[in-house]
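Numbering (full-length UniProt numbering), first residue to last: 1 to 495.
Backbone N, C-alpha and C fix where the C-beta goes; we use that ideal spot for every residue, glycine too.
Since the structure comes first, as structure tokens, the remarks are kept for the end.
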Amino acid sequence: MATISTHPPPPPPQTTPPHPHPPTSKSSNIRDKARHQNLTNPPQINNFSAKYVPFGADPDTSTESYSLDEIVYRSQSGGLLDVQHDLSALKAFPGSYWRALFDSRVGKRTWPYGSGVWSKKEWVLPDISSDDIVSAFEGNTNLFWAERFGKQFLGMNDLWVKHCGISHTGSFKDLGMTVLVSQVNRLRKMNKPVVGVGCASTGDTSAALSAYCASAGIPSIVFLPANKISIAQLVQPIANGAFVLSIDTDFDGCMKLIREVTSELPIYLANSLNSLRLEGQKTAAIEILQQFDWEVPEWVIIPGGNLGNVYAFYKGFHMCKELGLVDKIPRLVCAQAANANPLYLYYKSEWDEFKAVKANSTFASAIQIGDPVSIDRAVYALKNSNGIVEEATEEELMDAMAMADSTGMFICPHTGVALTALMKLRKSGVIGSTDRTVVVSTAHGLKFTQSKIDYHSNNIKEMACSYANPPVSVAADFGSVMDVLKKYLSKTPKY
Ligand SMILES: *Cc1c(COP(=O)(O)O)cnc(C)c1O
């Protein structure tokens, strides 16, 4: 291929700054160092690029595309957009080059590559200047070996939980928001009309948006349904200085209002139809491969609501295969709450007819969505990964969460949905006992303490709370304490 001869593979990536005299003055910081490094040792000239195209458009016949510097959320026909990278430019470098480059950046503080997202910058936003990037060094999250949970409940020895929620604002939404807010930062520096960034959300999206905007000094505007969200969900945007509008409606009402507002005012819309966010989220898939030394797991299980994330994982895995870092991709499982399961029903109909549903209340509140924006993306991801959709009832997901917590995790209810899917697929024999399996954990358990308290206090209507572990009230005297302790110790397993 012609591109290969014009772009010979460069020398192995540098892990230490090649310039002998990096700035040493006390005032220099990692951003200054990156700037200095770029001036004295310009990055390899390359023609990496990315643009928006209509999602699912036929590349041979469709000519519609937009620069990432345009403010556009939907295609001409009103469909979804997708960020399309120039794969032939990336293919000028072999898979071994990308593996070595990504591996060389892990865990360093070099701006911006110390971030798990920006360590893959060439595959995320190739054109953005490192100076414009707004990052909290998100990503690089723990891949937890679920040794005891796997052994005790599933007879599995190669089960892993990718803890995407152990992150800056406590959910994987950080991975997408660093990309969206960085691009907005660039647009503002280009004097594009963006006075602020807005979203309608009851939880993790508004938390991530307000944190990243605050760290860049960009105004953020959050529409929240009044009296329908918990203190934990409300406190993050408030603390980060967002302009919080409490509106007397539900989530869908907030969404409708912010759409109307952003079509009148130059407020950038950060909701989940925005395809920039998926570019950051896909790096979690690349990270999983990296953490297994580029061995591909059999299964990856992802809880899904608006269904962007399952596609982001597919995209990350697919790019790694396409660019020669690995030779196959895992089978994907999307797990839904039975109370909000339009994708599950669609799958069960053998992709016959999609019907939006009315989402009923679920402890997995971030996936309580009946009409998912990214339905087309999810179907594409599942069809192309030999994927499966499963569902979890409220009791199943709460039990799964409690079981996992009892083995030392502290997961959120959404991860309970994914673990339920795993248990069902193990039981039916679809997932084998030695299959390497990764469950994606989407948020930090500490954001969902109320549901755990209700469960462990046996305080949930029509739920047995079979794994509840309520505290024991005891009088403040030695005899009473000894009595309950002896009773407890007589029941615990002896060594
Ligand atoms: C946003 C979110 C999800 C759902 O992701 P989608 O891309 O909407 O499918 C799942 N879990 C948590 C904790 C979330 O915040």
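Whether residue i touches residue j by CB criterion (8 Å)
i           : j           : result
residue 342 : residue 442 : no
residue 325 : residue 278 : no
residue 298 : residue 435 : yes
residue 81  : residue 52  : yes
residue 218 : residue 188 : yes
residue 301 : residue 418 : yes
residue 284 : residue 316 : yes
residue 116 : residue 139 : yes
residue 262 : residue 212 : no
residue 156 : residue 433 : yes
residue 311 : residue 374 : yes
residue 390 : residue 348 : no
residue 38  : residue 89  : no
residue 175 : residue 127 : no
residue 510 : residue 257 : Since the first residue shown for the chain is 1 and the last is 495, residue 510 is missing from the structure and cannot be characterised.
residue 118 : residue 319 : no
Where the alpha helix (DSSP H) containing residue i begins and where it ends
i           : result
residue 465 : Unbroken run through residue 465: none, as it is neither H nor E.
residue 198 : Premise fails: residue 198 lies in the beta strand (DSSP E), 196 to 200, not in any alpha helix (DSSP H).
residue 113 : Taken as a continuous stretch (DSSP letters only), residue 113 belongs to no alpha helix (DSSP H), as it is neither H nor E.
residue 456 : 449 to 456
residue 205 : 204 to 216
residue 303 : Looking at the DSSP string, residue 303 is not in any alpha helix (DSSP H); the run it does join, the beta strand (DSSP E), is 299 to 303.
residue 368 : Unbroken run through residue 368: none, as it is neither H nor E.
residue 390 : Where residue 390 is concerned, there is no enclosing alpha helix (DSSP H), although the beta strand (DSSP E) it sits in stretches over 388 to 392.
residue 336 : Taken as a continuous stretch (DSSP letters only), residue 336 belongs to no alpha helix (DSSP H), being part of the beta strand (DSSP E) at 331 to 337.
Which of helix, strand or coil DSSP assigns to residue i
i           : result
residue 91  : coil
residue 481 : helix
residue 476 : coil
residue 496 : Nothing about residue 496 can be reported from this structure: the residues present for the chain run from 1 to 495 only.
residue 6   : At residue 6 the pLDDT is 42, less than 50, meaning the model places this residue with poor confidence and gives no usable figure here.
residue 256 : helix
residue 97  : helix
residue 436 : coil
residue 291 : helix
residue 229 : coil
residue 162 : strand
residue 136 : coil
residue 119 : helix
residue 152 : helix
residue 20  : For residue 20, the predicted structure reports a pLDDT of 47, less than 50, and the residue's modelled location is therefore unreliable. A value from the coordinates is still provided. Residue state, collapsed to three classes: coil.
residue 425 : helix
residue 66  : strand
residue 404 : helix
Top-ranked residue by Cα proximity to residue i, from the options
i           : options            : result
residue 360 : 250, 452, 258      : 250
residue 552 : 334, 57, 111       : Beyond the ends of the chain as shown, which are 1 and 495, falls residue 552; an answer cannot be given.
residue 444 : 207, 127, 155, 119 : 207
residue 408 : 84, 323, 166, 148  : 148
residue 380 : 47, 56, 29         : 56
residue 194 : 76, 205, 493, 182  : 182
residue 358 : 368, 270, 375      : 368
residue 245 : 270, 201, 99       : 201
residue 222 : 215, 216, 204      : 204
residue 499 : 199, 83, 120       : This structure does not reach residue 499, given that the chain is present from 1 up to 495, and the question cannot be answered.
residue 497 : 291, 413, 142, 30  : An answer regarding residue 497 cannot be provided, because it is not within the stretch 1 to 495 covered by the chain.
residue 62  : 350, 76, 92, 38    : 76
residue 215 : 231, 234, 168, 229 : 168
residue 180 : 107, 104, 235, 275 : 275
Any chain D beta carbon closer than 8 Å to residue i
i           : result
residue 195 : Within the model displayed, chain D is absent; a lone protein chain is all it includes.
For residue i, the first and last residue of its enclosing beta strand (DSSP E)
i           : result
residue 245 : 243 to 247
residue 318 : Run containing residue 318: none in the beta strand (DSSP E); it sits in the alpha helix (DSSP H), 308 to 322.
residue 82  : 81 to 85
residue 268 : 267 to 269
Whole-Å CB distance - residue i paired with residue j, under 8 Å assumed
i           : j           : result
residue 268 : residue 134 : Rounded, the Cβ-Cβ distance is 13 Å, inconsistent with contact.
residue 306 : residue 225 : 16 Å between Cβ atoms; not a contact.
residue 73  : residue 273 : 6 Å
residue 501 : residue 280 : Coverage of the chain is limited to positions 1 through 495, which leaves residue 501 absent and any answer about it impossible.
residue 387 : residue 333 : 6 Å
residue 448 : residue 398 : Incorrect: roughly 11 Å between the Cβ atoms, too far for contact.
residue 354 : residue 346 : 5 Å
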